[in-house]
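Chains as they are written, first to last, in our numbering: chain A, 10 to 220; chain B, 10 to 220.
Glycine is no exception: its CB is placed at the ideal position from the N, C-alpha and C atoms.
Just so we're clear, the structure is a prediction, and the values are computed from it rather than from any experiment.
A quick write-up on the structure given underneath.
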């Protein structure tokens, strides 16, 4: 059976948007209009959440002093995280695709203070429990909305190493926490298809089979 | 300042797709071509993940016997979950929008066995830890891809109440688990804008302020 799924009247732009929403880690310094921040945040609100509780709280940090503080925490967390990867990358057999991603991550860590918007996706806990299943779908919508309006971003969670300090800086209540930090700005690079394993390695019908 | 963000050359279809990806809980019984399942799964693979590790494993259950088993577990978990909501809904002051959502949830729980595809988004743990931040962005991509090709779905995690039993049924390894169950089929209802709080209640600049 070979069904031409292209003829089903699908929304090609929506699929193509997802296909090309590569992580952007290098940004121009131009500011981002608050209206666009509001627009990408709004896309986040259309994500699903358990019991439609919509536990998200978005904090878009644009103040330069605050961004410097956040970047300092991020750099500290990053240095601890990247050390093993740096050592692995010294090996000549280290894949060049991973080296490129690592260079992007290093660039971001060293220049985070200059990224115009530090967009935090925070949320309410529920009975003391984190609710990632009701937060990360909104995160993905925001990343896709950035792509849709021409902004760049990427998903980071490293700031959690200093979660307490950063949540205090963001003015969050005790029963709220920041799950993700999305640096947002105008991309220096182009949106392209990200490097991924083929779906045929990930998809199983009826039952998982060890490869 | 009133910038007309509509003129920035944004990808309206992508934004509109997110805006109208309402949870679908009522399905036709028509089967779903495996090519379309592959297509929505592929959209999942374009999501970001920590260190680009792509920990996801997709298991699309179409076998009727297995779907009955899964539906039986789901119903058991659902009945325990819905009881407090049913009691609350008996109050005449219970909001009609929430009553409608509850009716949809009840319909799904009672008819899950007949939904043609039980699409599980599973994934590898990392150092024994769950990685929801690297799974739920893929979940959201899959939901949006369903919407893009005209399929319906919704995000459920209730099956986790019987996670051990279901992961075994799915043939998952010990260091894998199923995070989400997305029932997929052709929608009976229309895609519409879901009911959400205004973004202006959720978005804060620089610092959260208690309303």
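By how many angstroms is the C-alpha of residue 129 of chain A removed from the C-alpha of residue 33 of chain B?
29 Å
Is there contact here, the stretch 160-180 of chain B with the stretch 20-27 of chain A, by at least three beta-carbon pairs under 8 Å?
no
Whole angstroms is fine: what's the gap from residue 67 of chain A's alpha carbon to residue 74 of chain B's?
43 Å
Alpha carbon to alpha carbon, what distance is there between residue 95 of chain A and residue 61 of chain A?
42 Å
In terms of residues, what are the limits of the alpha helix (DSSP H) holding residue 49 of chain B?
43-54
Looking only at DSSP bridge pairs, what is residue 192 of chain A linked to?
A/127
Quick one: which chain A residues come within Cβ less than 9 Å of residue 142 of chain B?
141, 144, 145, 148, 164, 166, 188, 189
Roughly how many angstroms separate the alpha carbons of residue 31 of chain B and residue 99 of chain A, rounded to a whole number?
48 Å
Below 6 Å CB to CB, which residues in the same chain sit around residue 10 of chain A once its five sequence neighbours on both sides are set aside?
Note on residue 10 of chain A: pLDDT 32, under 50, position unreliable in the model; the coordinate value appears next. There are no such residues.
Chain-order list of residues whose beta-carbon lies under 6 Å from that of residue 122 of chain A (same chain, five-residue window excluded)
76, 77, 80
Whether or not the stretch 43-57 of chain B and the stretch 158-165 of chain B are in contact is what I'm after, with contact meaning three or more pairs of Cβ atoms, one per stretch, closer than 8 Å; do they touch?
yes
Meets three-Cβ-pair contact criterion under 8 Å: the stretch 177-185 of chain A and the stretch 111-126 of chain A
no
Please name the residue or residues paired with residue 187 of chain A in a DSSP beta bridge.
A/131
Taking the CB atoms as reference points, tell me whether residue 90 of chain A and residue 168 of chain A lie closer together than 8 Å.
no
Evaluate the contact criterion for the stretch 130-149 of chain B versus the stretch 137-150 of chain A: three or more CB pairs, one atom per stretch, below 8 Å.
yes
Would you say residue 217 of chain A lies against chain B (beta-carbon separation less than 8 Å)?
yes
What residues of chain B sit near residue 56 of chain A, judged by a beta carbon separation below 7 Å?
149
Residue 201 of chain B burial status per 10 Å Cβ neighbour count (16 or more: buried)
exposed
Give the DSSP bridge partners of residue 138 of chain A, in chain order.
A/135
List the residues of chain B that residue 73 of chain A touches, going by C-beta distances under 8 Å, in chain order.
Residues of chain B passing the Cβ test: none, with the nearest at roughly 11 Å.
Take the Cβ of residue 141 of chain A as the centre, count every other Cβ of all protein chains shown within 10 Å, and call the residue buried at 16 or more, exposed below.
buried
Residue 51 of chain B: contacting residues in chain A (beta-carbon distance under 7 Å)
208
Going by DSSP, what residue range makes up the beta strand (DSSP E) through residue 66 of chain B?
65-70
Which of helix, strand or coil DSSP assigns to residue 179 of chain B
coil
Is the beta carbon of residue 156 of chain A closer than 8 Å to that of residue 26 of chain A?
yes
Taking only three categories from DSSP, how would you classify residue 14 of chain A?
Reliability of the predicted coordinates at residue 14 of chain A is poor, the pLDDT of 38 falling under 50, and no value is obtained from them.
Of the residues A/211, A/195, A/217, the one placed nearest residue 39 of chain A, counting alpha carbons only:
A/195
Assign residue 219 of chain A to one of two classes, buried (16 or more other C-beta atoms within 10 Å of its C-beta) or exposed (fewer than that).
exposed
Quick test of your reading: residue 69 of chain A and residue 126 of chain A, contact by CB under 8 Å. State the CB separation rounded to the nearest angstrom.
5 Å
Should residue 20 of chain B be flagged as near chain A, meaning a C-beta pair shorter than 8 Å?
yes
Which of helix, strand or coil does DSSP assign to residue 103 of chain A?
coil
Rank A/44, A/58, A/28, A/37 by C-alpha distance to the C-alpha of residue 205 of chain B and give the top, closest one.
A/58
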